[in-house]
Amino acid sequence: MTKYLLAAAILLSSSSAFAADSLAAARDLYAAASYEDALAVLGRLNAAELRPDEGRVADQYRALCLLALGKTAEASQAIEAVVAAEPAYRPSDTEVSPRVRALFSDVRKRLLPGLVQQRYLLAKTAYDHKDYRTASTVFGQLIALYTDQDLAAAASKPPLSDLRVLIDGFQSLSVQALAPPPAPEPTPVVAAKLAGAPAKPAVAAVPEPVKIYTTGDMNVIPPVVVRQELPPFGGTVARPLVGAMEVVIDESGKVVSVAMRAPTVASYDRQAVAAAQAWRYRPATLDGTPVKYRKMIQVAVTPQ
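This is the structure in structure tokens:
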């Protein structure tokens, strides 16, 4: 068994070394203006054996060679592979020429809006499956991507401007879910009453506000839907819209508060809020006791 493990380790090490040597060879061939030879070397690489950074470098040199050969359409496809694998990546001024940077920027402007929506769905799926670490990481990456100048135009208008509200909200909830529960408060020490000391007047206790729980609270079982239906959308829109509604469900399962956190169409938002007030749930519980709960619900409006 040890012999086979050693052989496997040597094979993996050799594959990694081959990939690194091949990338170096492709770089040298590109520098020597041997673009066809560099493409041939890159074509012999096994993408499955490359680390993500090596794959990005391989795609970048493939794009450079194709551009040098005047094959702009194929170069764009190679850049698309880089952007799809790592949307935040942008080549620096020292890495590539202004021409390549401009082509990268054009490709990113075209792809980033769709990639943001795809990655939101991935992060939301992770959140729904209580994989809060993955959800928090991807939501955080999306928030950072909203500051990218290649996304600026699309980010300032729907659907991405509406999606940003959802991303911020779910990122906050994911971080809360990852936070450790607060340490229990120490038991107060009651001082012994001195003999003969005058009794102090009683002070009326101020009731503490009722806590509203969320997915970030440990050991809370979320509410179970009994009735949660949105009305059909009867209007028209040019593009799909994604909104978010926040509801607070009390200890009896009734909705006591509704707010649109990301609007869709004003008239439909009013209908959705009115409908939500009649929703019913089996209440959330903490150690078997019903508690208030804040829930975020996605509201989607699509063209008819």
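Per the working numbering, the very first residue in the sequence shown carries number 183; after that it's consecutive. Glycine included, every Cβ here is placed at the ideal spot set by N, Cα and C.
request  = Look up Tyr212 in the DSSP assignment and say whether it is helix, strand or coil.
outcome  = helix
ask   = Hey, quick one: how far does the alpha helix (DSSP H) through Thr329 stretch, first residue to last?
value = First-last for Thr329: undefined, no H or E at that position.
inquiry  = Does Ala460 come out as helix, strand or coil in the three-state DSSP assignment?
reply    = coil
task = Answer yes or no: do Pro445 and Asp344 have a C-beta to C-beta separation smaller than 9 Å?
result = yes
inquiry  = With a threshold of 8 Å, are at least 3 pairs of Cβ atoms found where one atom belongs to the stretch 255 to 264 and the other to the stretch 320 to 327?
reply    = No: the two stretches stay apart, fewer than three of their Cβ pairs being nearer than 8 Å.
key: Nearest to Leu248 (by Cα), restricted to the options Ala215, Leu232, Asp275, Tyr271   = Looking at Ala215, Leu232, Asp275, Tyr271, the one whose alpha-carbon comes closest to that of Leu248 is Ala215.
inquiry  = By the three-class DSSP mapping on this structure, what secondary structure does Leu188 have?
reply    = Reliability fails at Leu188, whose pLDDT of 41 lies under 50, so the model's placement of it is uncertain and the value that follows must be treated cautiously. Helix.
query = Just the Cα atoms here: how many angstroms apart are Val473 and Pro405?
reply = Between the alpha carbons of Val473 and Pro405 lies a gap of roughly 9 Å.
query = Under the rule that 16 or more other beta-carbon atoms within 10 Å means buried, what is Ala305, buried or exposed?
reply = With 16 or more Cβ atoms within 10 Å of its Cβ, Ala305 is classed as buried.
DSSP beta-bridge partners of Ile261 = According to DSSP, which records beta bridges pairwise, Ile261 is partnered with nothing at all.
query = Who are the near neighbours of Glu256 in its chain, counting only those whose CB is closer than 7 Å to its CB and skipping five residues on each side?
reply = Leu248
Simplified DSSP state of Leu193, which is helix, strand or coil = Since pLDDT at Leu193 reaches only 36, below the 50 mark, its modelled position is unreliable, and no value is offered.
key: Secondary structure of Ala335, DSSP reduced to three states   = helix
ask   = Grouping DSSP H, G and I as helix and E and B as strand, with all else coil, what is Tyr395?
value = strand
inquiry  = Mapping the DSSP letters down to three states, classify Lys291 as helix, strand or coil.
reply    = helix
message = Check this for me: beta carbons of Leu269 and Leu285, under 9 Å apart or not?
response = Residue identity check: residue 269 is Pro in the sequence provided, not Leu. Their beta carbons are not under 9 Å apart, which means Pro269 does not touch Leu285 by this criterion.
request  = Below 8 Å on the Cβ atoms is my guess for Leu412 versus Ala457; work out the distance and round it to an integer in Å.
outcome  = 6 Å
ask   = At which residues does the alpha helix (DSSP H) containing Glu218 begin and terminate?
value = 217 to 225
inquiry  = Would Pro422 and Thr467 be called neighbours here (beta carbons separated by less than 9 Å)?
reply    = no
message = I need the boundaries of the alpha helix (DSSP H) containing Glu236, first residue and last residue.
response = 234 to 250
inquiry  = One question on the structure: do Val402 and Tyr463 come within less than 9 Å of each other, judged by their Cβ atoms?
reply    = no
request  = Would you kindly report the start and end of the unbroken alpha helix (DSSP H) that includes Val407?
outcome  = Taken as a continuous stretch (DSSP letters only), Val407 belongs to no alpha helix (DSSP H), being part of the beta strand (DSSP E) at 406 to 409.
query = Looking only at DSSP bridge pairs, what is Tyr475 linked to?
reply = As a beta-bridge residue in DSSP terms, Tyr475 pairs with Tyr395, Ile431.
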